[in-house]
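full-length UniProt numbering puts the last residue of the sequence shown at 143; the count rises by one with no breaks. Positions of the beta carbon are idealized from the N, C-alpha and C atoms, including for glycine.
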Amino acid sequence: MQRASRLKKELHMLAIEPPPGITCWQETDQVDDLRAQILGGADTPYEKGVFTLEVIIPERYPFEPPQIRFLTPIYHPNIDSSGRICLDILKLPPKADEEVLDSSSEPGDSRECSATQKRKARPLGGIEKKFHPDVQRVCPGPS
1 MQRASRLKKE
11 LHMLAIEPPP
21 GITCWQETDQ
31 VDDLRAQILG
41 GADTPYEKGV
51 FTLEVIIPER
61 YPFEPPQIRF
71 LTPIYHPNID
81 SSGRICLDIL
91 KLPPKADEEV
101 LDSSSEPGDS
111 RECSATQKRK
121 ARPLGGIEKK
131 FHPDVQRVCP
141 GPS
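Spelled out as structure tokens, the structure:
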């Protein structure tokens with residue numbers, strides 16, 4: 001029951017103050033079956049495009065993200081042929097890896113990150129995998 005009231009409140013907020021270029025609505029009487037439309041960004045190949053998405057809210061929402069699928073065919077490197085968004089970041093576990101960049105280190109510094117520094121950096125959630133390989137030399141993880 002709490003989930004349904006939260007979803008209704010969030011939909012109401014979206015209706016009152018929608019983000020620019022985005023609309024969202026209930027497709028059926030089920031509050032967890034939504035549709036959304038987004039406008040293609042200015043100065044992009046998608047400019048003047050209107051893209052419809054299916055948004056399915058899982059039972060464990062907000063602890064589990066909505067499942068989103070493009071219904072409008074779109075050619076994009078992160079959208080598969082079924083319209084699903086394919087980004088590794090969406091599949092990351094809630095905790096970060098222990099290997100993080102120590103912001104106080106200089107490139108080439110061989111000091112290890114302390115456990116405290118690793119805990120403080122944990123909210124970065126796996127971003128280190130996106131950095132240049134030299135990051136591993138700055139803050140080497142366990143081998």
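Cβ-based neighbour list, residue i, same chain, cut-off 8 Å, excluding 5 preceding and 5 following
i     : result
Ile79 : Phe70, Ile85 and Cys86
Residue of the options minimising C-alpha distance to residue i
i           : options                       : result
Thr23       : Thr52, Ser81, Ala36 and Glu47 : Ala36
Val50       : Pro73, Thr28 and Ile56        : Pro73
residue 144 : Gly21, Gly83, Arg6 and Ser81  : It is not possible to answer for residue 144, since the shown part of the chain is limited to 1 through 143.
Arg3        : Ile38, Thr52 and Pro66        : Pro66
Gln26       : Tyr75, Leu39, Glu10 and Pro62 : Glu10
Val31       : Phe63, Pro45 and Lys8         : Lys8
Glu59       : Pro19, Ala42, Ser81 and Asp33 : Asp33
Exposure label - residue i; buried when at least 16 CB within 10 Å
i      : result
Met13  : exposed
Ile16  : exposed
Ser104 : Confidence at Ser104 is low in this model, with a pLDDT of 46, below 50, so its placement is unreliable and no value can be given for it.
Phe131 : Unreliable positioning characterises Phe131 in this predicted model, as indicated by a pLDDT of 48, which lies under 50. The coordinate reading is nonetheless provided below. Exposed, since its Cβ has fewer than 16 Cβ neighbours within 10 Å.
Pro19  : exposed
Residue i in three-state terms, based on DSSP
i     : result
Leu53 : strand
Leu7  : helix
Ile74 : coil
Residues of its chain near residue i, where Cβ-Cβ distance is below 6 Å and the 5 sequence neighbours each way are ignored
i     : result
Glu54 : Arg69 and Leu71
Residues that DSSP places opposite residue i in a beta bridge
i     : result
Ile16 : None, per the DSSP bridge assignment.
Asp33 : Ile56
Thr23 : Gln37
Gln2  : None; Gln2 has no bridge partner.
Ile85 : Ile79
Proximal residues to residue i (C-beta, below 7 Å), its chain only, five neighbours per side dropped
i     : result
Tyr75 : none
Glu46 : The sequence as given places Tyr at residue 46; Glu does not occur at that position. Within the same chain, Tyr46 has close Cβ partners Gly40.
Tyr61 : Arg3
Glu64 : Pro58
Thr52 : Arg35, Gln37, Leu71 and Thr72
Ile56 : Asp32, Asp33, Pro66 and Gln67
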